[in-house]
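Asker: Our numbering applies: residue 231 is where the sequence shown begins, and numbers increase by one.
Even for Gly, the Cβ is constructed at its ideal location relative to N, Cα and C.
What you are looking at is a predicted structure, and each value in this text was computed from that prediction instead of being measured.
Handing you this structure, nothing more for now.
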Amino acid sequence: MIELYFWPTPNCYKVSILLEELSVPFTVIPIHIGKGEQYTPEFQSINPNNKVPALVDHDGPDGKPITIFESGAIMIYLAEKSEKFMPQSTASRIAVLEWLMFQMGSVGPMLGQAHHFRKYSKITIPYAVDRYTKEATRIYNVLDKRLGITPFLAGDYSIADMAVYPWLRPYRWQGQELSEFSNLQRWYSAVRERPAVQRGLKVMEERLNPNKGKPTGDAWDILFGSSHSDDKKQTKPLVNKGPRS
Ligand SMILES: N[C@@H](CCC(=O)N[C@@H](CS)C(=O)NCC(=O)O)C(=O)O
Numbered sequence: 231m232i233e234l235y236f237w238p239t240p241n242c243y244k245v246s247i248l249l250e251e252l253s254v255p256f257t258v259i260p261i262h263i264g265k266g267e268q269y270t271p272e273f274q275s276i277n278p279n280n281k282v283p284a285l286v287d288h289d290g291p292d293g294k295p296i297t298i299f300e301s302g303a304i305m306i307y308l309a310e311k312s313e314k315f316m317p318q319s320t321a322s323r324i325a326v327l328e329w330l331m332f333q334m335g336s337v338g339p340m341l342g343q344a345h346h347f348r349k350y351s352k353i354t355i356p357y358a359v360d361r362y363t364k365e366a367t368r369i370y371n372v373l374d375k376r377l378g379i380t381p382f383l384a385g386d387y388s389i390a391d392m393a394v395y396p397w398l399r400p401y402r403w404q405g406q407e408l409s410e411f412s413n414l415q416r417w418y419s420a421v422r423e424r425p426a427v428q429r430g431l432k433v434m435e436e437r438l439n440p441n442k443g444k445p446t447g448d449a450w451d452i453l454f455g456s457s458h459s460d461d462k463k464q465t466k467p468l469v470n471k472g473p474r475s
């Protein structure tokens, strides 16, 4: 059984998308980072860095449980265990690791800084806004150039694509327009259309609110409760008979 310590953020979506792609059953354990749940001693024993995601696989190596933090390490573990989305040959495997490391070292941290200084900072620091917006543009150009050569970042669709995609979804927060990067835009649409990607992005809402979208309370009674009987229905006019006199 796999437990995913999760909050709906780009780094966590990387793992939920991969688990959905693998069709592996998993339990979501929400860690509300806005309430500081990442700082509890229980969670710290799982991730000494106090950040999500983290993962526990109760059926780890040699049948023993394994605890993993850092989204890149979690993705490598799951891909290697399942032998999917990570090729076996050295050259292809290194290509996946290159683009995964690029995501972990550049895409995530730099675009995260762009989010911070463009959106969350309580004061506007023009130097920081300019620096991280330019860095975002530079990163988008690196990705766009690569995707002009290969359909996906490492050739075939892999954990590298799953790692980058969630970070590009808030592209406007990063001061970017996808339409200015035609190869990237083509790739973005291809990844977005994958059903597992769509499920991975909804993982918390579906697992934690299984009734979401279903009518509850008064709405349920109105639609399906006793007032739904034919008798009651007929107490109301079915046809508008025009203005009352
Ligand atoms: N390098 C880490 C970064 C994890 C990270 O920054 N997680 C964010 C959410 S995307 C977090 O937990 N933030 C809460 C905090 O910083 O207190 C990874 O990829 O797993």
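Assuming Val282 and Thr297 are in contact, meaning their beta carbons sit under 8 Å apart, how far apart are those beta carbons, in whole angstroms?
Answerer: Along the sequence shown, read from residue 1 onward, the residue named residue 282 stands at position 52. Along the sequence shown, read from residue 1 onward, the residue named residue 297 stands at position 67. About 13 Å; that fails the 8 Å criterion.
Asker: On the DSSP bridge assignment, give the partners of Glu233 in chain order.
Answerer: Here residue 233 corresponds to residue number 3 of the sequence shown, with the count starting at 1. For Glu233, which the question treats as bridged, DSSP gives the partners Thr257, Val286.
Asker: Closest by CA to Val254, which one among Met305, Ile353, Pro356, Thr363?
Answerer: Within the sequence shown, residue 254 is the residue found at index 24, counting from 1. Closest option to Val254, Cα to Cα, is Met305.
Asker: How should Asp292 be labelled, buried or exposed, when 16 other C-beta atoms within 10 angstroms of its C-beta is the threshold for buried?
Answerer: By one-based count along the sequence shown, residue 292 stands at place 62. That one is exposed.
Asker: Using a Cβ-Cβ cut-off of 7 Å (strictly less than) and excluding sequence neighbours within five positions of Cys242, which residues of its own chain qualify?
Answerer: One-based indexing of the sequence shown puts residue 242 at position 12. Cβ within range, chain order: Phe236, Val282, Pro283.
Asker: So is Ala393 in contact with chain B if we call contact Cβ pairs under 9 Å?
Answerer: The structure shown contains no chain B, having only a single protein chain.
Asker: Following the continuous alpha helix (DSSP H) through Phe332, name the residue where it begins and the one where it ends.
Answerer: On the sequence shown, position 102 is the one that residue 332 refers to. Run containing Phe332: 320-332, per the alpha helix (DSSP H) assignment.
Asker: Would you list the residues sitting across from Phe299 in a DSSP beta bridge?
Answerer: Within the sequence shown, the letter at position 69 stands for residue 299. Its beta-bridge partners are Ala284.
Asker: Please tell me whether Ser322 and Gly385 are closer than 9 Å, where the distance is taken between their beta carbons.
Answerer: Translated into the one-based positions of the sequence shown, residue 322 becomes position 92. Translated into the one-based positions of the sequence shown, residue 385 becomes position 155. Yes, the Cβ-Cβ distance between Ser322 and Gly385 is below 9 Å.
Asker: Give a single yes or no on whether Met334 has its beta carbon closer than 8 Å to a heavy atom of ligand 1.
Answerer: Numbered from 1 along the sequence shown, position 104 holds the residue referred to as residue 334. At least one heavy atom of ligand 1 is nearer than 8 Å to the Cβ of Met334, so yes.
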